Amino acid sequence: MQILSRSITRSDSSVASALPRWWFPALARGDAPLKALVPAYPNQHLFREKIALNWLRQFSIHGVNETKTNNAAEDSDPTLKTSLSEDICYMPIISGSSHRDGAIYKRAAYWEHNYFFDIADRTETRLEPARAYDIPRNMMQIFSMKLAKAPINSGSIQLYGYIAARDEVDLKLNYVFNRTRDDPIIVQQGSLIEMNGPKRAILLIFDVLLEFDMRIKNGENEEDDLQLIDGISEFDGLRMSWRPHEVRIGGNCGAVDTSFALVHNSVEATVEVIISQVQTGFDLSFSSTIDLLEMNKEFQLFSGNISESCGLGSFVIAVTEDTLMHLKFKVDHKGCNSNIESNCSFKAKLNGHAGHQLNLETASILVKVTWAVLPASY
Numbered sequence: 003m004q005i006l007s008r009s010i011t012r013s014d015s016s017v018a019s020a021l022p023r024w025w026f027p028a029l030a031r032g033d034a035p036l037k038a039l040v041p042a043y044p045n046q047h048l049f050r051e052k053i054a055l056n057w058l059r060q061f062s063i064h065g066v067n068e069t070k071t072n073n074a075a076e077d078s079d080p081t082l083k084t085s086l087s088e089d090i091c092y093m094p095i096i097s098g099s100s101h102r103d104g105a106i107y108k109r110a111a112y113w114e115h116n117y118f119f120d121i122a123d124r125t126e127t128r129l130e131p132a133r134a135y136d137i138p139r140n141m142m143q144i145f146s147m148k149l150a151k152a153p154i155n156s157g158s159i160q161l162y163g164y165i166a167a168r169d170e171v172d173l174k175l176n177y178v179f180n181r182t183r184d185d186p187i188i189v190q191q192g193s194l195i196e197m198n199g200p201k202r203a204i205l206l207i208f209d210v211l212l213e214f215d216m217r218i219k220n221g222e223n224e225e226d227d228l229q230l231i232d233g234i235s236e237f238d239g240l241r242m243s244w245r246p247h248e249v250r251i252g253g254n255c256g257a258v259d260t261s262f263a264l265v266h267n268s269v270e271a272t273v274e275v276i277i278s279q280v281q282t283g284f285d286l287s288f289s290s291t292i293d294l295l296e297m298n299k300e301f302q303l304f305s306g307n308i309s310e311s312c313g314l315g316s317f318v319i320a321v322t323e324d325t326l327m328h329l330k331f332k333v334d335h336k337g338c339n340s341n342i343e344s345n346c347s348f349k350a351k352l353n354g355h356a357g358h359q360l361n362l363e364t365a366s367i368l369v370k371v372t373w374a375v376l377p378a379s380y
């Protein structure tokens, strides 16, 4: 594994000091099972749930006073106060990880020593050709992102910037959301933030870093823009739940709620949707449902108007091996009282391709699915 090999070859005095937080030699070699890390427990699923809940409770601000509420977000220091009636888990932001003031680049040695990546390297993760790996892996699935708090309670704002994951595959930027200042999205407080990533699935063996720099456009000059959220948060794979959870990332001018879960023994599904033979314009809602142990989770992938033949792009979903991934398409015609709903399902496998054609009255929808397993590192 890349992070292990880099640790072994490190020759400076830091080797003799405290080991970095990602130092798990046996696990990195693949010769120690996950259960070796945790005590014996009759139900490993319940054990992980217990650990995850304890982890999230560290950041819960339900029923605490204002001082503790502000401390819950650590360095994010949200200025927008939260009602004590809310039950919210604020995700801590690593100290000195802000981009706008350049603090993150001044701590280059810290990122190199503790997380083994060069913060000055802004390279996006590469999409490798599918290879026939035979071991499913735990992955982090981000279901949705929502603008939870904004400086303007009503009305639209222009949002741009990025949110990206750094995982143990290559530690490069895997953008979940990425918009330039010239191409912002229009959102309101409480609305979903349309994600245009990730490029590939997010591997979650030990840790995933979520790096973000999101801003609100405010006039002609960039220096006048408001900072929504800024920094890096760390997600601990050994404590993360297999059930969906929502955490809040707070900032100076608002907050973003992120819904996510650990998908165990999973493979990567890359879903492509091609729409052709459009007879008339319609609104399309496209969602997926995956199996998370003893429950199903449905989440939206696309919502918008279709007026002509087009491709919706690709959507990356983590699916537990040998379970079904359900895709749901809802077509809404203007002036029509009823929606048309059509579904298709695919069984997750280690590699290969699958497809399905949906022939509707208004259009034809072709669904292509490519299955792949992530390597431990490139």
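For the sequence shown, the working numbering begins at 3 and goes up steadily by one.
Each residue gets a CB set at the ideal place from its N, CA and C atoms; glycine is no exception.
In this text, all values refer to a predicted model and were calculated from it rather than measured experimentally.
W244 lies in the beta strand (DSSP E); which residues open and close that run?
-> Per DSSP, W244 belongs to no beta strand (DSSP E) and is neither H nor E.
First and last residue of the beta strand (DSSP E) that includes A111?
-> Careful: A111 lies outside any beta strand (DSSP E), inside the alpha helix (DSSP H) at 110 to 117.
N140 - containing beta strand (DSSP E), residue span = 139 to 151
Okay, do the segment 317 to 327 and the segment 196 to 215 touch, 3+ Cβ pairs below 8 Å being the bar?
-> yes
Does the beta-carbon distance from I188 to S235 come in below 7 Å?
-> No, the pair does not count as a contact, with Cβ atoms beyond the cut-off.
Measure from the alpha carbon of Q281 to the alpha carbon of each residue in D226, I367, W113, D184, then state which is nearest.
-> Per the Cα distances, I367.
Are the segment 233 to 250 and the segment 330 to 344 touching by the rule of at least three beta carbon pairs closer than 8 Å?
-> The segment 233 to 250, when compared against the segment 330 to 344, does not touch it at the 8 Å Cβ threshold.
Would the beta-carbon of L206 fall within 7 Å of that of N267?
-> no
Bridge partners of C255, per DSSP?
-> None, per the DSSP bridge assignment.
Reduced DSSP category for D226 - H, G, I as helix; E, B as strand; rest coil = In the structure shown, D226 falls within a helical segment according to DSSP collapsed to helix, strand and coil.
G221, buried or exposed, once every other Cβ within 10 Å from all chains shown has been counted against 16 = Exposed is the call here.
Flag this pair as yes or no: are the beta carbons of E310 and A350 separated by less than 7 Å?
-> No, they are not a contact pair.
Where I277 and R217 are concerned, what is the direct C-alpha to C-alpha distance, given to the nearest angstrom?
-> 33 Å
Apply the 10 Å Cβ neighbour rule to R183 and answer buried if 16 or more other Cβ atoms are within range, or exposed otherwise.
-> exposed
Whose C-alpha, out of R168, E300, A152, is nearest the C-alpha of L161?
-> Closest by alpha carbon: A152.
For I106, count neighbouring C-beta atoms within 10 Å of its own C-beta (all shown protein chains included) and say buried if the count is 16 or more, exposed if not.
-> buried
Helix, strand or coil: how does DSSP classify A203 here?
-> Residue state, collapsed to three classes: coil.
Name the two residues that bound the continuous beta strand (DSSP E) containing M297.
-> 297 to 308
Taking the runs of the beta strand (DSSP E) that are 3 residues or longer, which of them lie wholly in the segment 152 to 221?
-> 159 to 168, 176 to 181, 187 to 189, 209 to 218
Roughly how many angstroms lie between the CA atoms of L264 and S97, to the nearest whole one?
-> 25 Å
First through last residue of the beta strand (DSSP E) which encompasses I292 | 284 to 294
To which residues of the same chain is I53 closer than 6 Å at the C-beta, ignoring the five residues directly before and after it?
-> Because I53 sits at a pLDDT of 47, beneath the cut-off of 50, its placement in the model cannot be relied upon, and the following sentence gives the value as read from the coordinates. Around I53, the same chain offers R241 as residues with beta carbons nearer than 6 Å, after the five sequence neighbours per side are excluded.
S347 classed as buried or exposed, judged by whether at least 16 other C-beta atoms fall within 10 angstroms = In the assembly as shown, S347 is an exposed residue. Its beta-carbon has fewer than 16 other beta-carbons within 10 Å.
Which term fits L376, buried or exposed, when burial requires 16 or more other beta carbons within 10 angstroms of its beta carbon?
-> buried
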